[in-house]
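What follows is a set of notes on a single structure, which appears directly below.
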Amino acid sequence: MLLAFVAVFLVTFLAAPLLGAGWYWDAGNALGYAAGAGLLYLTAFGRGTADLRVHHRLGQYVLVVTLLHAFWFLLGDATVTVHLRSAAPAGLWLGVAGLLLQGALVTGALLPRRWRLSREHPAFRRWHRALALGAIVTAGWHVLDSGFYLPQPYQMLLLAAVAALAGWGRDWQRHWPGHVWPGPRGFPVIVALVVLLFVAVRNWPA
Amino acid sequence: MRNAFLALLALGVLVVLSGSPLTGPRPVRDRYFAAPEPILPMIFDHNDHGDVNCIECHHDFADDSGSGMCMGCHVSDPDLWPRLEQQFHGLCLGCHAEREAAGRSAGPPRACDGCHHGGGPATP
Chain U
113 MLLAFVAVFL
123 VTFLAAPLLG
133 AGWYWDAGNA
143 LGYAAGAGLL
153 YLTAFGRGTA
163 DLRVHHRLGQ
173 YVLVVTLLHA
183 FWFLLGDATV
193 TVHLRSAAPA
203 GLWLGVAGLL
213 LQGALVTGAL
223 LPRRWRLSRE
233 HPAFRRWHRA
243 LALGAIVTAG
253 WHVLDSGFYL
263 PQPYQMLLLA
273 AVAALAGWGR
283 DWQRHWPGHV
293 WPGPRGFPVI
303 VALVVLLFVA
313 VRNWPA
Chain Y
6 MRNAFLALLA
16 LGVLVVLSGS
26 PLTGPRPVRD
36 RYFAAPEPIL
46 PMIFDHNDHG
56 DVNCIECHHD
66 FADDSGSGMC
76 MGCHVSDPDL
86 WPRLEQQFHG
96 LCLGCHAERE
106 AAGRSAGPPR
116 ACDGCHHGGG
126 PATP
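Listed in order, the protein sequences are those of chains U and Y.
One rule links them: number in our numbering = place in the first sequence (from 1) + 112.
One rule links them: number in our numbering = place in the second sequence (from 1) + 5.
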C-alpha cells in the first residue's frame, strides 16, 4: 500500500515540488491522488487476495475518498458547480465517469447476491476487473488532462507507467505474498498523512 | 458505510443543484463583451499586475494585431473565439503557476473562483 502511495505522490513531486494551488485546492487534489493510489493498490493486489473482507472494506474507503475529492471542490469553489451545470471541460467529465465506474465497481461487488448478476464467479471477476481497469483509465485520463502537478511530460509518462503496472502487470499478490495489508484502519491514517504532507510541502512559506 | 455513501451522494447532488453554502455567490454565465455564447465573468485588476511587463499580455503593442480591450478581438474574431478559454487559461494560469513554482508571489494558479467570481463585473 505504501509503495502505491509513494509511487503516485513521488511522481507529482519530481518537477516543481513547491508548486501549490493554495491549501484548499492542494488538499482536494491530494485526496484525488490518494484515491488513485488506493485504486491502483486494490487492482494490483486484488487478484487472489488472501482476505476478501479487507479488500471489500478498502474498496469502500477508496470510494469514500474519491467522493470527498469530488465534493471538496463542489463545496469550496462556486465555479465548479457552474461548470458541472453547463459546459464542463472534458477532463472534469472524465473524472465524473471514473467516479461512476468506481461506484459501480464497489456497489456491484457488495450486492447481497452478486451471482445473480453473473451466474458464475469467474464471470463476476471478469466484469469486476473490467470495471476496475475502466475506472483507472478514466481517472488517469482525468489526472493527465488536469496535469497541474505534472508540468513535465516525463511525469505523465511515469504516472501512466505506474497505472499500467498496477492494472495490467503481473499478479502482484502471487509474486509478493509477504506484503502487509494496511487494514481498514490503516488506510485513513495513510491518506490523512499524505494529504497533510502534500499540502505542507506545497504551501511552505518561502 | 452504505449510509455514508448515500449521504455523500445526496450532498453532492444538493450542492450541484442549489450551490454550496460555504462559498460566495455563483458566477453567472452571460454574453459578456458581446460574446457569441455565454461565458463566465473574468476578474482582472491591473493594479495586481504592476510588476508584469505590459507586453506579456498586450501582444498588440508589438505586433500591431489590434487595439482596445483584450476581449474586443478575442470574442469577436471567429478564429480566436473558439480558443478563448484555452488561450486565457494558458496565459493567466500559466504565468501564475510559473511564478508560484519559482516561489514568487502569484495570483490564483488553480482555483476557478480566483478569477471567475460570482457577483462581480467582467473586466478584461
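Cβ atoms here follow ideal geometry from the backbone N, Cα and C, with glycine treated the same way.
Against chain U, does HIS79(Y) count as a neighbour if the rule is that its beta carbon must be under 8 angstroms from one of theirs? no
Where does ARG31(Y) land, buried or exposed, given buried means 16+ other C-beta within 10 angstroms? buried
Sorted by chain position, which residues of the same chain lie with C-beta nearer than 8 angstroms to GLY259(U)'s C-beta, five sequence neighbours on each side aside? MET268
Closer than 8 angstroms to chain Y by CB, THR193(U): yes
My guess is that TYR118(U) and VAL274(U) are in contact by the Cβ rule of under 8 angstroms, so how many angstroms apart are they, rounded? For clarity, residue 118(U) is Val in the given sequence; the question names Tyr instead. The pair is not a contact, with the Cβ atoms about 10 angstroms apart (cut-off 8 angstroms).
Pick from GLY298(U), PRO263(U), GLY279(U): whose alpha carbon is nearest that of VAL249(U)? GLY279(U)
Could you give the first and the last residue of the continuous alpha helix (DSSP H) run that contains SER110(Y)? That residue, SER110(Y), is in no alpha helix (DSSP H); it is neither H nor E in DSSP.
Under three-state DSSP, which class holds ASP138(U)? helix
Under 8 angstroms between C-beta atoms of HIS79(Y) and LEU89(Y): yes
Environment of VAL301(U) [buried if 16+ CB atoms lie within 10 Å]: exposed
Three CB pairs or more closer than 8 angstroms across the stretch 203-213 of chain U and the stretch 125-138 of chain U: no
With hydrogens ignored, establish whether the beta-carbon of ASP118(Y) is closer than 7 angstroms to any heavy atom of the ligand NAD. What this structure holds is no ligand at all, so the ligand NAD is not there to describe.
What residues from chain U crowd round ARG34(Y), counting only those whose CB sits closer than 8 angstroms? VAL194, SER198
Of the residues ALA15(Y), GLY24(Y), LEU19(Y), the one placed nearest GLY123(Y), counting alpha carbons only: GLY24(Y)
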